[in-house]
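> Going down the list, the protein sequences come from chains V and G. Anchor point for the first sequence: position 93 equals 120 in the working numbering, and the numbering is continuous, going up by one each time. Anchor point for the second sequence: position 41 equals 64 in the working numbering, and the numbering is continuous, going up by one each time.
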Amino acid sequence: MLKFVLKRLTQVVVVLFLILTVLFVLFRLAPGDPVERMIDPDMTTQEAEHLVKELGLDQPIYTQYVIYLKNFMVGQFGHSIHYGDPVIEIIGERLPNTIMLFTTAVILAALVGISWGKIAAWSKGKGKDLAFTIAALVTHTLFLPWLALLLVWFFGYQLEWFPISGMVSEEVWLDPDATVFDKFWDVIYHMALPLLTLFLIHFGSYLLVMRSSMLSTLKEDYIITARAKGLSEKDIRNHHAAPNAMLPVVTSVGLSLAFSINGGALTETVFSWPGIGRELVFAVSHNDYPLAQACFLLIATVVLFSNVVVDVLYAYLDPRIRY
Amino acid sequence: MAHVKKSRCLLLDLLTRIVFIALAVSMIWAAPVQAASKDILKLGVLEEPKSLNLWLASDAWSNRVLSLMYQPLFIRDPKTSELIPWLAAEKPDFDAKTLTCTVKLRPAKWSDGTDITAEDVAFTGHMIYLFKMPRHYSKWKFVQKIEAVDKHTVRFVLSSPKAIFLTRTLTTPIVQKKQWAPLVKSLEGTTQSLQQFLQHEFKEPVVSGPFTVAKWKKGVFVYMKRNPHFFGQGQTIAGRKLGPHIKAIIFKIYGTADAAILALRKGDIDFYWNNIQAGYLKEIEDDPEIKIFKNKKSGLYYLGFNLRRAPMDDVAFRRAVATLIAKDFIIKRILQGHGEVLHSMIPPGNETFYNPNVPKHGFGLSREERIKAAYEILKKAGYTWGAPPVDASGKVQMAKDIKTPDHMPMRKITILTPPADYDPHRAMSGQMIQEWLREMGIPVVSRPMAFGALIQTVKTQRDFDCFILGYGKLSMDPGYLRAFFHSRMNKPKGWNMSGYDNPEFDKVSMASDGELDLKARQKLIFKMQDMLISDVPYIPLYNPIVVEGVRADRFTGWVPALGGIGNIWSLCEIKPK
Numbered sequence: 028m029l030k031f032v033l034k035r036l037t038q039v040v041v042v043l044f045l046i047l048t049v050l051f052v053l054f055r056l057a058p059g060d061p062v063e064r065m066i067d068p069d070m071t072t073q074e075a076e077h078l079v080k081e082l083g084l085d086q087p088i089y090t091q092y093v094i095y096l097k098n099f100m101v102g103q104f105g106h107s108i109h110y111g112d113p114v115i116e117i118i119g120e121r122l123p124n125t126i127m128l129f130t131t132a133v134i135l136a137a138l139v140g141i142s143w144g145k146i147a148a149w150s151k152g153k154g155k156d157l158a159f160t161i162a163a164l165v166t167h168t169l170f171l172p173w174l175a176l177l178l179v180w181f182f183g184y185q186l187e188w189f190p191i192s193g194m195v196s197e198e199v200w201l202d203p204d205a206t207v208f209d210k211f212w213d214v215i216y217h218m219a220l221p222l223l224t225l226f227l228i229h230f231g232s233y234l235l236v237m238r239s240s241m242l243s244t245l246k247e248d249y250i251i252t253a254r255a256k257g258l259s260e261k262d263i264r265n266h267h268a269a270p271n272a273m274l275p276v277v278t279s280v281g282l283s284l285a286f287s288i289n290g291g292a293l294t295e296t297v298f299s300w301p302g303i304g305r306e307l308v309f310a311v312s313h314n315d316y317p318l319a320q321a322c323f324l325l326i327a328t329v330v331l332f333s334n335v336v337v338d339v340l341y342a343y344l345d346p347r348i349r350y
Numbered sequence: 024m025a026h027v028k029k030s031r032c033l034l035l036d037l038l039t040r041i042v043f044i045a046l047a048v049s050m051i052w053a054a055p056v057q058a059a060s061k062d063i064l065k066l067g068v069l070e071e072p073k074s075l076n077l078w079l080a081s082d083a084w085s086n087r088v089l090s091l092m093y094q095p096l097f098i099r100d101p102k103t104s105e106l107i108p109w110l111a112a113e114k115p116d117f118d119a120k121t122l123t124c125t126v127k128l129r130p131a132k133w134s135d136g137t138d139i140t141a142e143d144v145a146f147t148g149h150m151i152y153l154f155k156m157p158r159h160y161s162k163w164k165f166v167q168k169i170e171a172v173d174k175h176t177v178r179f180v181l182s183s184p185k186a187i188f189l190t191r192t193l194t195t196p197i198v199q200k201k202q203w204a205p206l207v208k209s210l211e212g213t214t215q216s217l218q219q220f221l222q223h224e225f226k227e228p229v230v231s232g233p234f235t236v237a238k239w240k241k242g243v244f245v246y247m248k249r250n251p252h253f254f255g256q257g258q259t260i261a262g263r264k265l266g267p268h269i270k271a272i273i274f275k276i277y278g279t280a281d282a283a284i285l286a287l288r289k290g291d292i293d294f295y296w297n298n299i300q301a302g303y304l305k306e307i308e309d310d311p312e313i314k315i316f317k318n319k320k321s322g323l324y325y326l327g328f329n330l331r332r333a334p335m336d337d338v339a340f341r342r343a344v345a346t347l348i349a350k351d352f353i354i355k356r357i358l359q360g361h362g363e364v365l366h367s368m369i370p371p372g373n374e375t376f377y378n379p380n381v382p383k384h385g386f387g388l389s390r391e392e393r394i395k396a397a398y399e400i401l402k403k404a405g406y407t408w409g410a411p412p413v414d415a416s417g418k419v420q421m422a423k424d425i426k427t428p429d430h431m432p433m434r435k436i437t438i439l440t441p442p443a444d445y446d447p448h449r450a451m452s453g454q455m456i457q458e459w460l461r462e463m464g465i466p467v468v469s470r471p472m473a474f475g476a477l478i479q480t481v482k483t484q485r486d487f488d489c490f491i492l493g494y495g496k497l498s499m500d501p502g503y504l505r506a507f508f509h510s511r512m513n514k515p516k517g518w519n520m521s522g523y524d525n526p527e528f529d530k531v532s533m534a535s536d537g538e539l540d541l542k543a544r545q546k547l548i549f550k551m552q553d554m555l556i557s558d559v560p561y562i563p564l565y566n567p568i569v570v571e572g573v574r575a576d577r578f579t580g581w582v583p584a585l586g587g588i589g590n591i592w593s594l595c596e597i598k599p600k
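Now the structure itself:
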């Protein structure tokens, strides 16, 4: 196992290096110029060149690449061109917001999806199966911004149960007497609609994967054996079939958790959630190289390491798998 | 073992219950705090400021916050758009012979209670000069000397006469020497000092404006509290008694216009500080709790030609295209009535410099008359058709196989536009122009392109035929005409994207640049507009109207100005109802 983990980690390092290079090249090839916004019509060519030099963008591309790699090795991601702040600081501000919303949504959707998928497979062809499968297919195929706006309009605007958007109420956060408890409930209150949207969009995929995997498992000999042993249906479903059907779901949940750090630009935009997804879109569209590179690199790193974790988890869940 | 299994089964049930209970508790616990404070104005915006360092942030969203913090010597009167003293006590005293300008400051204080002095003004100028500050240096580089004559008098000596000195240099925001000087000193002699300078942000900026940032929760809201030392408080400037009469402003950041408009209708915000698109307007206009303001702005949206390529290098072709474009149709159908037709490169809102007598290609003509007029222009210039747009009986028909004066079939022309998700008006205008030109047999296609790529193609690579671009907020000083059309700017990354080259225009534009007499300059600018509309390197299309919405039940006293009610005057004058 240790040998396998070391081998996979070596692969991760190589892939990460390739990703670093691809990111560097891609952003340099992309149209647009970050300095363009700072150049005004009355600047002479010399003044414009001076500006490019002052901003450190006058170096040849290979020199920039070497500096970029060196900085990465020492954890230096530079400053955002537009915000002027260190990239790490910007990511540090936005990432927890994204993790809080998306990880909660993935866990909740996975728990419900797995449970309902299990029940749907067990009741194959019956009313429950039909209801769960249709619900999963409908919600999974909904266009996220449309669903989000619909929920905002209905629960936020018409019923006024939840806020229309944002992550906090300024009244609470500006109130010197507000306790941590008040602030906590305020965030939960604002999380309701984005959480519901993400849950509705995601639980269907887990349900369908679990259902399909369960259906294959139910045909296995050990299920017949369990029945022959006189075990209860609930026992067979929950303790014999379900654990063995979990493998594909584990991969799906593992990767979803990893990808949840990139947030969802659409969800974050519709709900004005100050997360990393919105920031990533801003950085790419405004040619903010340092910020965009760091965001992508973060996502790539987490996804790569999650893959390793999922592989290891496989061996733990299925004793037949040996590395 | 059985106990463990049972616990696992209960886990899901428990978690689901926890989530629902948490949401229910949050509704009870958090919802009541939504009540609005009477003297706090809540604004909805779509982006937060990029930085509170005013030398780095230049975008419109940052300016909404920064313009309330840092103040210039002179500012535009909201009614007349003329420059009036702001931090300055009176009009500048300019000696044309010695190129010396003396400005007296009014008694005013920074937000830390110290006096705003001539030293602060001189320091700001020196700092811009020292760092060759992007976007500002070109407005200051002709200032040879700045000196503080006394505590409240500053003198500028120019190296050459420059019209933009009054309109652009003296409207630069002033910063406090006491706060900025140590930073400047610490960066002297360092490499990439400009970069370090732009990346610096003061935790507590010292400001001269009516409000200052007290708390900024990144990505969520910016809280600005009233500056108790604001010089305008209780003063009458431009005939207006200033406040502010509100305690604070909260800028709430929304990801989409949909959310912001719903928030306005729900009462979460008092003012949506952005243009309301026509699609939302009907619903809002029917809402009795929302008051709508419609104001002109200083915008310019246009079709540009690449004069380096045929047939765009032929003025007859460009005039024919200008004749074919039904600008009133664009206003009526695409902008849904929320705009004005532009005939000149200066919008009519700029009353001092707008030339109302420029030639108006095809204005007031019907579709058939346009085609006939364009046909005459092209026929006279030697263009021929397989099937002409006007047949022998004078009836308009679909033209085919247009040939250039050298008897060659006309090559396919591409109109580049920003994509519809960036600006639907420009994308749709491109489509309409494509159809109008096709009626003349001109092989043309309108192609949306990502904004960054479009700018690079047009400005840097100069590999294009036509493009549609625009400026949402043009300077009130028409100096941009020289920047856009002087032949010196016809270079890669230069602002003369069309490649217009007219020595007569160059001469007049340079003369206007150095003309300090307003009347004389006005004449020159009028002449430049005439030349441009006659030579048609650009076809001005439209200037949208700014539509803004406020809660009718919350504040009164909004000040309409060119560009809308979202301005420092409004925020200094509004009072809670």
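Glycine included, C-beta positions come from ideal geometry on N, C-alpha and C.
(1) Buried or exposed, going by whether 16 or more other CB atoms sit within 10 Å of the CB of Gln199(G)?
(2) As a quick exercise: from Phe170(V), Val41(V), Thr71(V) and Arg238(V), pick the residue whose alpha carbon is nearest that of Val139(V).
(3) Should the region 309-321 of chain G be regarded as contacting the region 568-588 of chain G, the criterion being three or more beta carbon pairs within less than 8 Å?
(4) Are any of the Cβ atoms in chain V nearer than 8 Å to that of Gln57(G)?
(5) Tell me whether Ser60(G) sits in a helix, a strand or coil according to DSSP, three-state version.
(6) Entirely within the region 46-134 of chain V and at least 4 residues each: give me those alpha helix (DSSP H) ranges in chain order.
(7) Over what stretch of residues does the alpha helix (DSSP H) that includes Gln167(G) continue unbroken?
(8) Identify whether Glu295(V) lies in helix, strand or coil by the three-state DSSP scheme.
(9) So Ser240(V) packs on Ala272(V), CB below 8 Å; how close in whole Å?
(10) Can you list, in chain order, the residues of its chain whose CB lies under 6 Å from that of Gln57(G), leaving out five sequence neighbours each side?
(11) Short check: CB of Ser231(G) to CB of Leu110(G), under 8 Å?
(12) Based on the DSSP secondary-structure assignment, which residues constitute the bridge partners of Ser279(V)?
(13) By the 10 Å Cβ neighbour count, where 16 or more other Cβ atoms means buried, how is Met472(G) classified, buried or exposed?
(14) Name, please, each residue of chain V whose Cβ falls closer than 7 Å to the Cβ of Thr190(G).
(15) Below 8 Å on the Cβ atoms is my contact criterion, and I expect Leu331(V) with Val42(V) to pass it. Report the Cβ-Cβ distance as a whole number of Å.
(16) Count the CB pairs spanning the region 544-561 of chain G and the region 346-362 of chain G that are closer than 8 Å, and state whether there are at least three.
(17) What does the Cβ neighbour count give for Ala271(G), buried or exposed, with the cut at 16 atoms within 10 Å?
(18) Identify every residue that forms a DSSP beta bridge with Ile259(G).
(19) Going straight from the alpha carbon of Val32(V) to that of Ile326(V), what length do you get?
(20) Which residues in the same chain have their Cβ closer than 7 Å to the Cβ of His223(G), if we skip the five residues on either side of it in sequence?
(21) Suppose you measure from the CA of Val337(V) to the CA of Phe51(V); what does that come to, to the nearest Å?
(22) Under the assumption that Val364(G) contacts Tyr565(G) (Cβ atoms under 8 Å), give the Cβ distance between them as a whole number of angstroms.
(23) Can Glu295(V) and Ile273(G) be called in contact, C-beta distance under 8 Å?
(24) Compute the distance between the beta-carbons of Arg574(G) and Asp293(G), then report whether it is under 8 Å.
(25) Put Gly67(G) into one of helix, strand or coil per three-state DSSP.
(26) So, does the CB of Thr193(V) fall closer than 8 Å to a CB anywhere in chain G?
(27) Does DSSP classify Leu164(V) as helix, strand or coil?
(28) Counting along the chain, where does the beta strand (DSSP E) carrying Tyr324(G) start and finish?
(29) Tell me which residue opens and which closes the alpha helix (DSSP H) that Ala343(G) is part of.
(30) Using 8 Å as the threshold, is the region 217-230 of chain V in touch with the region 105-112 of chain V, meaning 3 or more CB pairs across them?
(31) Considering Glu363(G), what are the terminal residues of the beta strand (DSSP E) in which it resides?
(32) Please list the partners that Arg305(V) has in chain G, where partner means a Cβ-to-Cβ separation under 9 Å.
(33) Just mark Lys185(G) as buried or exposed, buried being the case when its beta carbon has 16 or more other beta carbons within 10 Å.
(34) Among residues of its own chain, excluding the 5 on either side of Pro382(G), which ones have a beta-carbon nearer than 7 Å to its beta-carbon?
(35) Can you tell me the Cα-Cα spacing of Tyr316(V) and Leu47(V), whole angstroms?
From the atom records:
(1) buried
(2) Arg238(V)
(3) yes
(4) Its pLDDT being 49, under 50, Gln57(G) is placed unreliably in this model, and the coordinates cannot settle the point.
(5) DSSP places Ser60(G) in coil when its eight states are reduced to three.
(6) For the region 46-134 of chain V, whole alpha helix (DSSP H) runs of length 4 or above, ordered along the chain, are 72-81, 88-100 and 114-125.
(7) Where Gln167(G) is concerned, there is no enclosing alpha helix (DSSP H), although the beta strand (DSSP E) it sits in stretches over Val166 to Asp173.
(8) helix
(9) 4 Å
(10) Any reading at Gln57(G) needs caution, since the residue's pLDDT is 49, under 50, leaving its predicted position unreliable; the model's value is listed next. So no residue of the chain qualifies.
(11) yes
(12) According to DSSP, Ser279(V) bridges with nothing at all.
(13) So Met472(G) counts as buried.
(14) The premise fails here: Thr190(G) is roughly 13 Å from chain V at the closest Cβ pair, so nothing lies under 7 Å.
(15) 6 Å
(16) no
(17) buried
(18) Reading the sequence as shown, one finds Thr at residue 259(G) and not Ile. Looking at the DSSP assignment, Thr259(G) forms a beta bridge with Lys264(G).
(19) About 21 Å.
(20) Asn76 and Leu206
(21) 28 Å
(22) 6 Å
(23) no
(24) Yes, the Cβ-Cβ distance between Arg574(G) and Asp293(G) is below 8 Å.
(25) strand
(26) Rather than Thr, the amino acid found at residue 193(V) in this sequence is Gly. Closer than 8 Å: yes.
(27) helix
(28) Leu323 to Phe328
(29) Val338 to Leu347
(30) no
(31) In the DSSP assignment, Glu363(G) falls within the unbroken beta strand (DSSP E) covering Gly362 to Val364.
(32) Gly242 and Gly278
(33) buried
(34) Ile556 and Ser557
(35) 12 Å
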